[in-house]
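Those protein sequence lines, which keep their order, are chains A and Z. Note that numbering that gives the first Met the number 0 gives residue 271 to position 272 of the first sequence, counting from 1, and the numbers run on in steps of one. Note that numbering that gives the first Met the number 0 gives residue 22 to position 23 of the second sequence, counting from 1, and the numbers run on in steps of one. For reference, the structure is listed below as structure tokens.
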Amino acid sequence: MAPAVLCALGFAAALAAVMQYSLRAYVPGSLEAGGFTLANFAALIRPLYARVFLDTVWICFLTASFTLIVGYPLAYALVHARNVALKSAILVIAVTPLFLGEVVRTYSWIVVLGNNGFLNSMLLKLGLIDAPMQFMFTEFGVITALVHVTLPVMVIMLAAALSHIDRDYERAAASLGAGPIRVFLTVTLPLSTPGIIAGVTTAFAWTFSAFATPQLIGGGRVNMVANLVYQLGFASFNFPFAASLSVAGLILTFAVLALMRAAASPLERIRQH
Amino acid sequence: MPKLLRLLGGATVTAILGFILLPALVVTLAAFNSRAILSFPPESWSWRWFVKAIAYDDFQAGVRNGLIVTAWASSIALVVGAAFAFALDRYEFRLKRTLETILLSPLVVPHFTIGLGFLILAAQLGFARGYSVIVACHVVLVLPFVLRSVYISLRNLDPRLELAAASLGASPGRVLITVTLPLLLPGLVSGWLFAAILSFNEFTASLFVTVQRTQTLPVALYNYVREYADPSMAAISVMYIVATATVLTLANAFLGLAKVLNVEHAR
Chain A
0 MAPAVLCALG FAAALAAVMQ YSLRAYVPGS LEAGGFTLAN FAALIRPLYA RVFLDTVWIC
60 FLTASFTLIV GYPLAYALVH ARNVALKSAI LVIAVTPLFL GEVVRTYSWI VVLGNNGFLN
120 SMLLKLGLID APMQFMFTEF GVITALVHVT LPVMVIMLAA ALSHIDRDYE RAAASLGAGP
180 IRVFLTVTLP LSTPGIIAGV TTAFAWTFSA FATPQLIGGG RVNMVANLVY QLGFASFNFP
240 FAASLSVAGL ILTFAVLALM RAAASPLERI RQH
Chain Z
0 MPKLLRLLGG ATVTAILGFI LLPALVVTLA AFNSRAILSF PPESWSWRWF VKAIAYDDFQ
60 AGVRNGLIVT AWASSIALVV GAAFAFALDR YEFRLKRTLE TILLSPLVVP HFTIGLGFLI
120 LAAQLGFARG YSVIVACHVV LVLPFVLRSV YISLRNLDPR LELAAASLGA SPGRVLITVT
180 LPLLLPGLVS GWLFAAILSF NEFTASLFVT VQRTQTLPVA LYNYVREYAD PSMAAISVMY
240 IVATATVLTL ANAFLGLAKV LNVEHAR
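Dropping the structure here:
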């Protein structure tokens, strides 16, 4: 018990340190922070920073949505596969990327998406395009890589929900004459909402937290909050402002998560019956 | 009609698996390309980038630092997480929910916030930026995974087995050591394994709390990608992918990954 309390306290203290710093003045040329001020938060409303926040939320939203669309069929196949070897293969393939780390995966996507990367080479060879297409430094490139990054955790959460659905409900619907599509739409899909909500919120939070992917694939042209925080901290040593951006990011994350939970609670209530 | 659906479903799943595997396959091709410039398919093959990557000082130091941090962080997280999961499952106590929420929240709190927090905290408390700060940061980050893994196996444990041992006269300590812990072993091992792999790969928070001397492998890799473009990085990625896939396949065979991740049908 005591060590767990200690860990919780350490984490809380680190968050408190960020909050405290976010209210301190920046002293140019010094690592020490000045007196207390609200100036950092006032500066957040400036269009330059507001824009990065909007872009980040938009990218997170798109990534979470695409991850859900791509992850659902895979989670369904994972739970419903009857062949044990096939099931293991799907599981290992789906989960392995989770443990590869952001840098390795991002680098791999650079090799795929770069101007003389795999995708462009193949398209050129097939004669579909005449000149390399620009995938790097675009939102498309960043989102593709981010979907790949968040997919494993989405699949795990969806599969956890799908595997706890009582199969008798599906069998009952089928025996009453519902076709497979109707069974899926009216029974399986609604019953899997807890997994969808858990998956989407986690995907959103993870994308918000992503740093290497927007940094390396976005190359300064696609900026997310994480990149701004790092840049402010380690290029201009403005830690107080970096801290206030982090706090704003944290508040935003929790607001979005709370919103998603609230939107989902009526669905939860239906499910209880 | 159902046959057509099945075919369509199979094709969709295959395409998605292809999407997941694509970067790994492409990076493998790039790693064995003997020239420094990317070309697909490679014109000639060689192992030279593997040799170069293994000999590179920063990568060697990164692996060493990473192993030190991972060993400490995952072991501490295992002990703390297992004890807390046990308390969570068995006892009622004040602030139970609060404590649980705080310890699980690193799952959704952005890593750059946590990294920045530990950086500022260490600076304010006057700690040098050594291993202890990185380890503390990693413990907080991987704790939710250990907690979840151990908690799930505790839930799946049949309490009658413990009752049987107790009714046959075993003391509570003996029940714990001879019945509970052995039954929890898969959960403990997989929790520790998860924590170790995640800690070894953690990047964003590590970037904030490490310095040149203590940088872990992902940080060293990131710095390399920013400065150089040769395929050594592809070679080390391949080693990474092969090692991770091997560990996970073994974990699946011996521990039953589906059970650990809670994605198996209850019946």
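Every residue, glycine too, gets a C-beta built ideally from N, C-alpha and C. Being a predicted model, the structure only gives us computed values, none of them experimental.
Quick one: is residue i buried, meaning 16 or more other Cβ sit within 10 Å of its Cβ, or exposed?
{"i": "residue 123 (chain Z)", "result": "exposed"}
{"i": "residue 207 (chain A)", "result": "buried"}
{"i": "residue 160 (chain Z)", "result": "exposed"}
{"i": "residue 191 (chain Z)", "result": "buried"}
{"i": "residue 174 (chain A)", "result": "exposed"}
{"i": "residue 39 (chain A)", "result": "buried"}
{"i": "residue 201 (chain Z)", "result": "buried"}
{"i": "residue 42 (chain Z)", "result": "exposed"}
{"i": "residue 312 (chain Z)", "result": "The first residue shown for chain Z is 0 and the last is 266, placing residue 312 (chain Z) beyond what the model contains."}
{"i": "residue 219 (chain A)", "result": "exposed"}
{"i": "residue 44 (chain Z)", "result": "exposed"}
{"i": "residue 210 (chain A)", "result": "buried"}
{"i": "residue 83 (chain Z)", "result": "buried"}
{"i": "residue 271 (chain A)", "result": "Model confidence at residue 271 (chain A) stands at a pLDDT of 48, short of 50, so the residue's coordinates are unreliable and nothing is read from them."}
Go ahead and pull the three-state DSSP assignment for residue i.
{"i": "residue 147 (chain Z)", "result": "helix"}
{"i": "residue 32 (chain Z)", "result": "strand"}
{"i": "residue 71 (chain Z)", "result": "helix"}
{"i": "residue 191 (chain Z)", "result": "helix"}
{"i": "residue 44 (chain Z)", "result": "strand"}
{"i": "residue 210 (chain A)", "result": "coil"}
{"i": "residue 35 (chain A)", "result": "strand"}
{"i": "residue 147 (chain A)", "result": "helix"}
{"i": "residue 53 (chain Z)", "result": "helix"}
{"i": "residue 126 (chain Z)", "result": "coil"}
{"i": "residue 135 (chain A)", "result": "coil"}
{"i": "residue 93 (chain Z)", "result": "coil"}
{"i": "residue 201 (chain Z)", "result": "coil"}
{"i": "residue 250 (chain A)", "result": "helix"}
{"i": "residue 3 (chain A)", "result": "helix"}
{"i": "residue 191 (chain A)", "result": "coil"}
{"i": "residue 266 (chain Z)", "result": "Reliability of the predicted coordinates at residue 266 (chain Z) is poor, the pLDDT of 38 falling under 50, and the value obtained from them is presented with this limitation in mind. In the structure shown, residue 266 (chain Z) sits in coil (DSSP, three-state: anything other than H, G, I, E or B)."}
{"i": "residue 166 (chain A)", "result": "helix"}
{"i": "residue 129 (chain A)", "result": "coil"}
{"i": "residue 172 (chain Z)", "result": "helix"}
{"i": "residue 209 (chain Z)", "result": "coil"}
{"i": "residue 176 (chain A)", "result": "coil"}
{"i": "residue 98 (chain A)", "result": "helix"}
{"i": "residue 260 (chain A)", "result": "helix"}
{"i": "residue 85 (chain Z)", "result": "helix"}
Taking a contact to mean a Cβ-Cβ separation below 8 Å, would you say residue i touches residue j in this structure?
{"i": "residue 72 (chain A)", "j": "residue 8 (chain Z)", "result": "yes"}
{"i": "residue 106 (chain Z)", "j": "residue 207 (chain Z)", "result": "no"}
{"i": "residue 68 (chain Z)", "j": "residue 110 (chain Z)", "result": "no"}
{"i": "residue 7 (chain A)", "j": "residue 98 (chain Z)", "result": "yes"}
{"i": "residue 76 (chain Z)", "j": "residue 145 (chain Z)", "result": "yes"}
{"i": "residue 259 (chain A)", "j": "residue 200 (chain A)", "result": "yes"}
{"i": "residue 3 (chain A)", "j": "residue 79 (chain Z)", "result": "yes"}
{"i": "residue 93 (chain A)", "j": "residue 186 (chain A)", "result": "no"}
{"i": "residue 227 (chain A)", "j": "residue 244 (chain A)", "result": "yes"}
{"i": "residue 52 (chain Z)", "j": "residue 235 (chain Z)", "result": "yes"}
{"i": "residue 159 (chain A)", "j": "residue 194 (chain A)", "result": "yes"}
{"i": "residue 88 (chain Z)", "j": "residue 154 (chain Z)", "result": "yes"}
Would you kindly report the start and end of the unbroken beta strand (DSSP E) that includes residue i?
{"i": "residue 23 (chain A)", "result": "23-25"}
If I follow the unbroken alpha helix (DSSP H) through residue i, where does it start and stop?
{"i": "residue 221 (chain Z)", "result": "216-226"}
{"i": "residue 77 (chain A)", "result": "46-79"}
{"i": "residue 102 (chain A)", "result": "101-112"}
{"i": "residue 43 (chain A)", "result": "Taken as a continuous stretch (DSSP letters only), residue 43 (chain A) belongs to no alpha helix (DSSP H), as it is neither H nor E."}
{"i": "residue 159 (chain Z)", "result": "158-166"}
{"i": "residue 226 (chain A)", "result": "224-233"}
{"i": "residue 251 (chain Z)", "result": "231-254"}
{"i": "residue 123 (chain A)", "result": "117-124"}
{"i": "residue 220 (chain A)", "result": "Element bounds for residue 220 (chain A): n/a, residue is neither H nor E."}
{"i": "residue 93 (chain A)", "result": "83-94"}
{"i": "residue 182 (chain A)", "result": "179-182"}
Practice task
Would you check if there are 3 or more beta carbon pairs closer than 8 Å linking the segment 133-147 of chain Z to the segment 46-60 of chain A?
Solution key: no
Handout entry: Three CB pairs or more closer than 8 Å across the segment 169-189 of chain Z and the segment 230-242 of chain Z
Key = no
Practice task
Could you say if the segment 200-215 of chain A and the segment 146-160 of chain A meet the contact criterion of at least three C-beta pairs nearer than 8 Å?
Solution key: yes
Handout entry: the segment 9-25 of chain Z / the segment 81-101 of chain A touching (three or more Cβ pairs under 8 Å)
Key = yes
Handout entry: Stretch pair the segment 54-64 of chain A + the segment 159-176 of chain Z: three plus CB contacts closer than 8 Å
Key = no
Handout entry: the segment 44-62 of chain Z touching the segment 27-35 of chain Z, judged by at least three CB pairs closer than 8 Å
Key = yes
Problem - Three-pair Cβ contact test at 8 Å for the segment 237-248 of chain A versus the segment 11-27 of chain A - result: Taking 8 Å as the limit for Cβ pairs, the verdict is that the segment 11-27 of chain A does touch the segment 237-248 of chain A.
Handout entry: Three or more C-beta pairs below 8 Å linking the segment 89-102 of chain Z and the segment 210-224 of chain Z
Key = Touching, no.
Practice task
Count the CB pairs spanning the segment 165-184 of chain A and the segment 248-261 of chain A that are closer than 8 Å, and state whether there are at least three.
Solution key: no
Exercise for the section: State whether the segment 153-172 of chain A contacts the segment 115-125 of chain A, with contact taken as three or more CB pairs (one from each stretch) at a distance under 8 Å. Expected result: Touching, no.
Practice task
Could you tell me whether the segment 130-144 of chain A touches the segment 103-110 of chain A, where touching means 3 or more Cβ pairs closer than 8 Å?
Solution key: yes
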